[in-house]
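Protein chains in written order, with my numbering: chain Z, 1 to 353; chain F, 1 to 353.
Number of protein chains: 2
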Amino acid sequence: MASAANVSIATVSRVLRTPDAVREGTRDRVQAAIRSLGYVPSGNARALAGKRTGVVGLLLPGFDVVPDERPDLVTDGGVRVVDDRRHVTQPFSSNLYFDEVLRGAETEAWQRGLALMVAAGRGSSRDVIVNDVAGRVDGLAVLAQTVPDDLLEHVARRIPVVVLADDRRSHGFDSVSVDNTAGMRTLASHVIGRLGIRSLAYVAGPIDSPDDMERSTGFRSALADHGVPASSVRVVHGDFGRARARELAETLLAADVPRAVVCSNDQSALGVLDAAAARGLRVPEDVVVTGFDGIDAGRFSSPRLTTVHQPMGELGRAAVRAIVDRLDRREGPPRAVRLPVEVLLRESCPPAL
Amino acid sequence: MASAANVSIATVSRVLRTPDAVREGTRDRVQAAIRSLGYVPSGNARALAGKRTGVVGLLLPGFDVVPDERPDLVTDGGVRVVDDRRHVTQPFSSNLYFDEVLRGAETEAWQRGLALMVAAGRGSSRDVIVNDVAGRVDGLAVLAQTVPDDLLEHVARRIPVVVLADDRRSHGFDSVSVDNTAGMRTLASHVIGRLGIRSLAYVAGPIDSPDDMERSTGFRSALADHGVPASSVRVVHGDFGRARARELAETLLAADVPRAVVCSNDQSALGVLDAAAARGLRVPEDVVVTGFDGIDAGRFSSPRLTTVHQPMGELGRAAVRAIVDRLDRREGPPRAVRLPVEVLLRESCPPAL
DNA sequence: ATGAAAGCGCTAACAT
DNA sequence: ATGTTAGCGCTTTCAT
């Protein structure tokens, strides 16, 4: 390549990185050669020589997509024809969540001239994958609970690691998370203060979930703010899943029906909606229901779900920013970025009754 | 690193790549050192030495996310509260399309021990980005119309390139696309042959769209198959957009209403649904409507949209497979993979009337 | 303004 | 079974 333009390899490098440092005639000659030879510089060699890769990594939890079963109606001309009328809508929301994070990270990365390498921490090969991407990038963003702590610590000794959706300062990692507490506090204040509801139930998540803990704290703050005794609130613990929440709500809504059911996440709230419908209770007329997350299914439920929306795309963007920050400032205590959330009032708990 | 375990650098390499070629004691010593030093091997150096990166690239069209505007209701405790009741659902479907492709590619890549680098060909910096990823990967998958041909040809001289969702054999590229023709033919056959409808209208897309051409061909085949004269079908050309389709359909459904409106894509079909609703026509009782693509919005429309579903995830997977194939067999004519589609019969055009 | 040469951190012969 | 060594394709001084 270099020889085709009668220049040294160093000059080719200059044409690519610092074109102004090369005389015009020479530059043109080199560029012509690049074109005619179909030359594309090796990013790997560059990264190796330059001691930085210009790539950031993003580790998502397993993507495992389970295709749903639908009966063949006929197979006509090699094309499957399926009766999709009763087809149960997939709980695709969790995937969407990651997709948005990914898109945010992608956007921010390229805006900063960085490439993005994605990987999903799938099962057994996870360690290999993690090391593999860690060895190719300048910094790594990891979604909470995707990678065990010890592996993360190992990697963090070499490159900046930022944990998403979980405040890990205490573990020594930079983190980007969402303001669960303020979000729930605001939503609950709406229910109690604005709508004037004082008969409440709370559907919590698993006791060990950090998200749930923060949201519960926010909920209790709202109670305190408005002088509602915590003891007057019936609290049940679900598992963040729709089915379990529905079971719990069947009981909750059996007698002495609360005027509001506040849930720690959207899936639970959807389960409560299911139970309310089964019991013939109208939402929001008989009971208002709220969720947390802003998953897509909540936009399509009936009634549509009032919730606290997490800025997924921003999470991805902030992650990349955090990595870049850390790259510029290798030392210093871990930082935690808190992203604001947004309360979305929809039909299941409207602005006013 | 090597010295910490009293071995040569070559032995470290062996422990990592061919552990069995190293005596157990030595291996343990090296692994201990790896752990205690937080050593992560450089993927770049490896790629450089090994003459292959183990990474495939995926180029998507711009991800540009336009956040929608919603009015602030109040801002309470730093948390925005928004009345989201009338919030128009975003046409997020096109994004979902790419997300699924991405997920498919991701899955296939990691199953084959390859990493995945993603980039969105955004505006001006596109050339830079393309070259940047091209220089870092063993092969590149590009979504149709993301990158101009000359750039693609340049890159293709160095690494395998496969074009997605567009049959580019004629251009010399490998490609993975979807069987538009058979899909439309099958769906139209259902309408004509099975439902016995002979009064049809067809909403086409832009005349220069390869997708549209194939679908039109499939449609005409179905007409011929069932002896319906092409001249009896009213054909209008839209732009694949919902708004334009609605305008066209207003006219189409004004008088002499066809029993079926077959559309070249889902967005158009949704526009037709809009028009039908505006005119007080019942779907499917008065007129049946079909689309093509299988976008999510069609699962949530009312009535739900009968369509031909494209296997987006498979597209991504097949793309990675095509790259790997080509890597093993650098020479030879371009190959075109055709993926099967699936007809999904939903309420807008049910299995039977 | 350009060339020469020393690495960057590995892998892959080739030796021992 | 392990060490030695020559690159891989660049960037970056240091000369010229």
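Cβ atoms here follow ideal geometry from the backbone N, Cα and C, with glycine treated the same way.
For residue 39(F), the closest Cβ of chain Z is nearer than 9 Å.
A direct Cα-to-Cα measurement between residue 34(Z) and residue 4(Z) gives close to 9 Å.
In the three-state DSSP reduction, residue 202(F) falls in the strand class (E or B).
DSSP places residue 101(Z) in the helix class (H, G or I) of the three-state scheme.
Counting only Cβ-Cβ distances below 9 Å, residue 351(Z) has contacts in chain F at 73, 81, 83 and 85, in chain order.
Between residue 193(F) and residue 222(F), the C-beta gap is smaller than 9 Å, which places the two residues in contact.
For residue 307(Z), the enclosing beta strand (DSSP E) stretches over residues 307-309. Against chain Z, the beta carbon of residue 340(F) has neighbours under 8 Å at 78, 79 and 80, listed in chain order. Not one beta carbon of chain F lies nearer than 9 Å to the beta carbon of residue 213(Z).
In the DSSP assignment, residue 226(Z) falls outside any beta strand (DSSP E), carrying neither H nor E. Following the DSSP letters along the chain, one finds residue 4(F) in no beta strand (DSSP E), marked with neither H nor E.
Between the alpha carbons of residue 159(F) and residue 145(F) lies a distance of about 19 Å. Residue contact check for residue 278(Z) against chain F: no CB pair falls below 9 Å. Against chain Z, the CB of residue 9(F) has no partner CB under 9 Å away; the residue lies outside that interface. By the neighbour-count criterion, in which 16 or more other beta carbons inside 10 Å mark a residue as buried, residue 157(Z) falls on the exposed side. DSSP, read as helix, strand or coil, puts residue 194(Z) in helix. Taken in chain order, the unbroken stretches of alpha helix (DSSP H) that lie wholly in the region 266-306 of chain Z and span 4 residues or more are 266-278 and 297-300.
Close to residue 43(Z), with beta-carbon spacing below 7 Å, are these residues of chain F in chain order: 132, 135 and 136. For residue 172(F), the three-state secondary structure derived from DSSP is coil.
Nearest CB-CB separation between residue 200(F) and chain Z: not below the 9 Å threshold. Within the same chain, 180 and 181 come within 7 Å of residue 214(F) by CB-CB distance, once the 5 residues on both sides are set aside.
Annotated three-state conformation of residue 333(Z) is coil, per DSSP.
Across the structure, residue 38(F) and residue 45(Z) are spaced so that their CA atoms are roughly 23 Å apart. For residue 345(Z) and residue 230(F), the gap between their C-alpha atoms comes out near 51 Å.
Counting every other CB atom within 10 Å of its CB across the protein chains shown gives residue 302(Z) a total below 16, marking it as exposed.
Residues of chain Z with a Cβ closer than 8 Å to the Cβ of residue 235(F) do not exist, since the nearest Cβ in that chain sits about 22 Å away. Within the region 164-176 of chain F, no residue places its CB atom closer than 7 Å to a CB of chain Z. When 7 Å is used as the limit between beta carbons, residue 118(F) is near these residues of chain Z: 106, 116 and 118, in chain order. Here the C-alpha atom of residue 28(Z) lies approximately 18 Å from the C-alpha atom of residue 128(F). Counting along the chain, the unbroken alpha helix (DSSP H) around residue 248(Z) starts and ends at 242-252. DSSP places residue 83(Z) within a strand segment (E or B) once states are collapsed to three. The contact set of residue 157(F) on chain Z, defined by CB atoms closer than 7 Å, consists of 38 in chain order.
From the beta-carbon of residue 347(Z), the residues of chain F found nearer than 7 Å are 85. Counting only the Cα atoms, residue 170(F) lies some 53 Å from residue 30(F). Taking residue 189(Z) as the centre and dropping the five residues before and after it, the same chain places the C-beta of 222, 225 and 226 closer than 8 Å to its C-beta, in chain order. In terms of Cα proximity to residue 150(Z), the closest of 338(Z), 138(Z) and 130(Z) is 130(Z).
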